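Visitor:
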Amino acid sequence: MRNRIITRRAFVKAGATCAAVLALPVVAPAAEHAPLMRTIPSSGEPICAIGLGTWITFNVGDDPILRHECADVIAAFLEAGGRMIDSSPMYGSSQPVTGYGLEKLGRPETLFSADKVWTSSAAGGPAQIEQSRRLWGVPRFDLVQVHNLVAWEAHLETLFAMKAEGQIRYVGITTSEGRRHDLFEQIMRRHPLDFVQFTYNILDREAEERMLPLAAERGMAVIVNRPFRQGALTRRLEGETVPDWAAEIGAATWAQFILKFILSHPAVTVAIPATTSVNHVRENVAAAVGPLPNDSQRERMAAYVRDL
Amino acid sequence: MSEWWTYRPEDFLLFSPRVYWRMFELHNEALWPLHLITLAAGAAILVLALWRPHGHGLWIALILAALWGFVGWSFLWDRYAAINWAIAYVSPAFWLQAVLLAVVGAGGGVAFDRRDITAWLGLALAVLAIVAYPLLPSLFGRPWTTAEVFGIAPDPTAIVTLGFLLIARGGLVLLLLPIPLLWLLLSGLTLHIMGDTQAWLPFAVAGVSFILVVLRRLLR
Chain F
735 MRNRIITRRA FVKAGATCAA VLALPVVAPA AEHAPLMRTI PSSGEPICAI
785 GLGTWITFNV GDDPILRHEC ADVIAAFLEA GGRMIDSSPM YGSSQPVTGY
835 GLEKLGRPET LFSADKVWTS SAAGGPAQIE QSRRLWGVPR FDLVQVHNLV
885 AWEAHLETLF AMKAEGQIRY VGITTSEGRR HDLFEQIMRR HPLDFVQFTY
935 NILDREAEER MLPLAAERGM AVIVNRPFRQ GALTRRLEGE TVPDWAAEIG
985 AATWAQFILK FILSHPAVTV AIPATTSVNH VRENVAAAVG PLPNDSQRER
1035 MAAYVRDL
Chain R
3 MSEWWTYRPE DFLLFSPRVY WRMFELHNEA LWPLHLITLA AGAAILVLAL
53 WRPHGHGLWI ALILAALWGF VGWSFLWDRY AAINWAIAYV SPAFWLQAVL
103 LAVVGAGGGV AFDRRDITAW LGLALAVLAI VAYPLLPSLF GRPWTTAEVF
153 GIAPDPTAIV TLGFLLIARG GLVLLLLPIP LLWLLLSGLT LHIMGDTQAW
203 LPFAVAGVSF ILVVLRRLLR
């Protein structure tokens, strides 16, 4: 019964996603420019393949100008068809800044709110999640993940109980930069997770060996963090020209080149680049529009970047 | 934290350089014209240290204590902690330094009356931190609104304190050294991770101050 309810809700949400961000004074993306949608395996809910990370970029404290800029980024992201925004209590003021942006935009219904629980105190998990929810100003989180596997056993128990009670919709775990992959895989094998989040990009491809195939096998959605190596990759490529043949896959910029590589892996559900720029967020979502590279093109892309 | 050895210093930087320096802009804007009072307080303790009237040790220690307490609350706790949750655990160290200064000063455990070479270097350090530190933005290509002012921002406050501790005499002076030194190392590390060329400054001041204290002890 629960799955049927989720599916119906998902259907309504998905319909709204690319049609318009109804609560917002924004223009819907034209159908031919609608970004790629991927399916959350555990529910069948479609979701835009480009999300929005908030690590560092949304940690702007009480700065009114920078908060306003972050709200503009959220507006542009949702306007382009994006849905998932990901944050964590570990990210400084990113949660209240996200909440500020969402409030300013009239609490957009197409938002897919993804947050994390990050405390070594097992008993402190529910209180932290509630505090995070208030900071976001959402009625409930769509997804809550155990951040970096901190106190994961206790927190997973809490999250599965919250999901059963309808307080959250999905449960996940996260890691980054290749840390604790062995334990991560063990948890993936033992627990019915909806989402897993880890680092994967054109240079850091360890996840292709076991994590991505395992996620596909277990029916888990994959969120890819640090697609640009926290900006280091795009900064490194700044002075280089995007190869002519990138036009074959519709990549006009390095950011799109890198994101298209990530999204072309069939097990990837959502990549969550972070940015403070409205132009960049549009560019990122546009990476999910048009063709994606095939296997041989993927290898060519990886070799090209590796050799630069 | 598991697999702590896999973390790099930059993994702990939660904010961008732009946000960091905007924080100083907003702080200066919020507190202006309090800067004039803290700079006057800086000038006052310099005069007290040079003139050495009766009870100068108490007054210098109390003024420094008040400024450490204020910076710990207004800058670290009330502003910096918003973008760096770890700073909430650092603020109490500033308040502890304030208490130590007040207790040592009130107990007559410190006199700022040395006149050896390290003392003159300490005095020069304090003068530079009060007068020249606010001018650094122009040197490092930032707007002057990001100025770090003694008694308002932590780095010049810590440097002036170290300068005065090089002038100071008293059995408890060593107790007052660790917190300013550690703060400057933390600040230097933060700037270094941000790729800011100003990082060498707090590192250099901490290093030179530490060496001068050690040399003085060895040459005693």
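Chains as they are written, first to last, in my numbering: chain F, 735 to 1042; chain R, 3 to 222. We put the CB at the ideal spot given by N, CA and C, even for glycine. Nothing here was measured: the structure is a model prediction, and the numbers come from that model.
1) Can you tell me which of R/A63, R/E31, R/V73, R/L33 puts its alpha carbon nearest to the alpha carbon of R/A46?
2) By Cβ distance below 6 Å, which residues in the same chain neighbour F/G900 in space, the five residues on each side in sequence not counted?
3) Could you tell me the alpha carbon to alpha carbon distance between R/I213 and R/G165, rounded to whole angstroms?
4) Which residues in chain R have a C-beta closer than 7 Å to the C-beta of F/S827? List them in chain order.
5) Run through the segment 843-908 of chain F for me and flag every whole alpha helix (DSSP H) of 4 or more residues, listed as ranges in chain order.
6) Could you give the residue range of the alpha helix (DSSP H) that holds F/M818?
7) Exposed or buried, what is F/A1037 when buried is set at 16 or more other beta-carbons lying within 10 Å of its beta-carbon?
8) Counting only Cβ-Cβ distances shorter than 9 Å, please list the residues of the segment 769-797 of chain F near chain R, keeping chain order.
9) Which residues bound the alpha helix (DSSP H) around R/V101?
10) Using a C-beta to C-beta distance shorter than 7 Å, which residues of chain F count as neighbours of R/L16?
11) Is F/F792 helix, strand or coil when you go by DSSP?
12) To the nearest angstrom, how far is it from the Cα of F/R939 to the Cα of R/V215?
13) Closer than 7 Å, CB to CB, is R/R1 near chain F or not?
14) Relative to the alpha-carbon of R/L187, which residue among R/L174, R/L176, R/P156 has its alpha-carbon at the smallest distance?
15) Which residue comes first and which comes last in the beta strand (DSSP E) that contains F/N959?
16) At a cut of 8 Å, does the segment 22-34 of chain R reach the segment 90-103 of chain R through at least three beta carbon pairs?
17) How many angstroms separate the CA atom of R/E150 from the CA atom of R/G44?
18) Classify F/M891: buried if its beta carbon has 16 or more other beta carbons within 10 angstroms, exposed otherwise.
19) Can you find the residues in the same chain that come closer than 7 Å, C-beta to C-beta, to F/R738, ignoring five residues on each side of it along the sequence?
20) Would you mind sorting F/F962 into buried or exposed? The rule is 16 or more other CB atoms within 10 Å of its CB.
21) Spatial neighbours of F/V1002 within its chain, please: C-beta separation below 8 Å, excluding the five flanking residues on both sides.
22) So, using beta-carbon positions, are R/H58 and R/L50 closer together than 7 Å?
23) Quick one: which chain R residues come within Cβ less than 9 Å of F/L800?
24) Check each candidate in F/H767, F/V1015, F/L883, F/N1018 and name the one with the smallest Cα separation from F/G859.
25) Nearest-angstrom Cα distance between R/L60 and F/G826?
26) Among R/L177, R/I195, R/L220, whose alpha-carbon lies nearest the alpha-carbon of R/V101?
27) Using a Cβ distance threshold of 8 Å, determine whether the segment 1009-1018 of chain F contacts the segment 805-824 of chain F, with at least three qualifying pairs required.
28) Below 7 Å on C-beta distance, what does R/L28 contact in chain F?
29) Start and end of the beta strand (DSSP E) containing F/Q931?
30) Return the CA-CA distance between F/G1024 and R/Y9, expressed in angstroms with no decimal places.
31) Between R/L174 and chain A, is there a C-beta pair that is closer than 7 Å?
32) Excluding five sequence neighbours on each side, which residues of the same chain lie with their C-beta closer than 6 Å to the C-beta of F/A950?
33) Have a look at R/F152 and R/P180 and give me their C-alpha separation to the nearest angstrom.
34) Below 8 Å on the Cβ atoms is my guess for F/G871 versus F/E919; work out the distance and round it to an integer in Å.
35) Can you pull the DSSP bridge partners for F/V1004?
36) Candidates R/L137, R/T148, R/V162, R/R171: which alpha carbon is nearest R/V112's?
Guide: Walking through what the data contain:
1) By one-based count along the second sequence, residue 46 of chain R stands at place 44. With distances taken between Cα atoms, R/A46 lies closest to R/A63.
2) Against the first sequence, residue 900 of chain F aligns to sequence position 166. Around F/G900: no qualifying Cβ.
3) Here the question's residue 213 of chain R lines up with position 211 in the second sequence. Here the question's residue 165 of chain R lines up with position 163 in the second sequence. Rounded to whole angstroms, the gap between the alpha carbons of R/I213 and R/G165 is 13 Å.
4) Translated into positions along the first sequence, residue 827 of chain F becomes position 93. Result: A84, I85.
5) Fully enclosed alpha helix (DSSP H) runs of 4 or longer: 859-870, 886-898.
6) As a first step, residue 818 of chain F must be located in the first sequence, where it is residue number 84. Where F/M818 is concerned, there is no enclosing alpha helix (DSSP H), although the beta strand (DSSP E) it sits in stretches over 818-820.
7) As a position in the first sequence, residue 1037 of chain F is number 303, starting the count at 1. Burial call: exposed.
8) Of all residues in the segment 769-797 of chain F, only W789, I790, T791, N793, V794, G795, D796, D797 come within less than 9 Å of chain R when Cβ atoms are compared, listed by chain position.
9) As a working note, residue 101 of chain R is residue 99 in the second sequence. According to the DSSP assignment, R/V101 belongs to the alpha helix (DSSP H) that extends over 93-108.
10) Against the second sequence, residue 16 of chain R aligns to sequence position 14. Close partners of R/L16 in chain F (Cβ separation under 7 Å): I790, N793, Y825, G826.
11) By one-based count along the first sequence, residue 792 of chain F stands at place 58. If DSSP states are grouped into helix, strand and coil, F/F792 belongs with coil.
12) Walking along the first sequence from the start, residue 939 of chain F turns up at place 205. Walking along the second sequence from the start, residue 215 of chain R turns up at place 213. Rounded to the nearest whole angstrom, the CA to CA distance from F/R939 to R/V215 is 51 Å.
13) Lying before the first or after the last residue shown, residue 1 of chain R is absent from chain R, which here runs from 3 to 222.
14) On the second sequence, residue 187 of chain R is found 185 positions in, with the first residue counted as 1. It is R/P156.
15) The residue labelled residue 959 of chain F in the question sits at position 225 within the first sequence. Annotation for F/N959: the continuous beta strand (DSSP E) segment containing it runs 955-959.
16) Between the segment 22-34 of chain R and the segment 90-103 of chain R there are fewer than three inter-stretch CB-CB distances shorter than 8 Å, so the stretches are not counted as touching.
17) Counted from its first residue, the second sequence places residue 150 of chain R at position 148. Counted from its first residue, the second sequence places residue 44 of chain R at position 42. Between the alpha carbons of R/E150 and R/G44 lies a gap of roughly 14 Å.
18) Numbered from its first residue, the first sequence carries residue 891 of chain F at position 157. Correcting the residue type first, residue 891 of chain F is Glu in the shown sequence and not Met. Classified as exposed, F/E891 has fewer than 16 neighbouring CB atoms from the shown chains inside 10 Å of its CB.
19) For the purposes of this step, residue 738 of chain F is taken as the residue at position 4 of the first sequence. Residue confidence is low: F/R738 scores 36 on pLDDT, short of 50, so the model does not pin down where it sits. Its coordinate-derived value is still stated next. Once the five neighbours on either side are set aside, F/R738 has no close Cβ partner at all.
20) Start at 1 with the first residue of the first sequence, and residue 962 of chain F comes out as number 228. Counting Cβ neighbours within 10 Å, F/F962 comes out buried, since at least 16 surround it.
21) Taking the first sequence and counting its residues from 1, the one referred to as residue 1002 of chain F is at position 268. The answer, listed in chain order, is R772, A783, Y934, L946, V956, V958, I996.
22) The residue given as residue 58 of chain R occupies position 56 in the second sequence. The residue given as residue 50 of chain R occupies position 48 in the second sequence. Yes, Cβ-Cβ distance for R/H58 and R/L50 is below 7 Å.
23) Here residue 800 of chain F refers to the residue found at position 66 when the first sequence is read from its first residue. In chain order: R20, V21, R24.
24) The count along the first sequence starts at 1 and reaches residue 859 of chain F at position 125. Comparing C-alpha distances from F/G859 to each of F/H767, F/V1015, F/L883, F/N1018 shows the shortest one belongs to F/L883.
25) Taking the first residue of the second sequence as 1, we reach residue 60 of chain R at position 58. Taking the first residue of the first sequence as 1, we reach residue 826 of chain F at position 92. The straight-line gap separating the alpha-carbon atoms of R/L60 and F/G826 is approximately 39 Å.
26) Sequence index remark: in the second sequence, residue 101 of chain R carries index 99 (1-based). Answer by Cα proximity: R/L177.
27) Touching, per the Cβ criterion.
28) Here residue 28 of chain R refers to the residue found at position 26 of the second sequence. Against R/L28, the close residues of chain F are D797, in the order they occur along the chain (beta-carbon pairs closer than 7 Å).
29) As a first step, residue 931 of chain F is located in the first sequence; it is residue number 197 there, counting from the start. Here the beta strand (DSSP E) through F/Q931 covers 929-933.
30) Residue 1024 of chain F sits at position 290 when you count from the first residue of the first sequence. Residue 9 of chain R sits at position 7 when you count from the first residue of the second sequence. Between F/G1024 and R/Y9, the alpha-carbon positions lie close to 37 Å from each other.
31) Although the question refers to chain A, the structure presented lacks it and instead comprises the protein chains F and R.
32) Indexing the first sequence from 1 puts residue 950 of chain F at position 216. Within the same chain, and ignoring the five residues on either side of F/A950 in sequence, the residues whose Cβ sits closer than 6 Å to its Cβ are A1001.
33) Here residue 152 of chain R is taken as the residue at index 150 of the second sequence, counted from 1. Here residue 180 of chain R is taken as the residue at index 178 of the second sequence, counted from 1. If you take the alpha carbons of R/F152 and R/P180, they lie about 19 Å apart.
34) Locating residue 871 of chain F in the first sequence gives position 137, counting from the first residue. Locating residue 919 of chain F in the first sequence gives position 185, counting from the first residue. Not confirmed; about 35 Å, so no contact.
35) Residue mapping note: residue 1004 of chain F aligns to position 270 of the first sequence, counting from 1. Per DSSP, F/I957.
36) The count along the second sequence starts at 1 and reaches residue 112 of chain R at position 110. Distance from the Cα of R/V112 is smallest, within the candidate group R/L137, R/T148, R/V162, R/R171, for R/R171.
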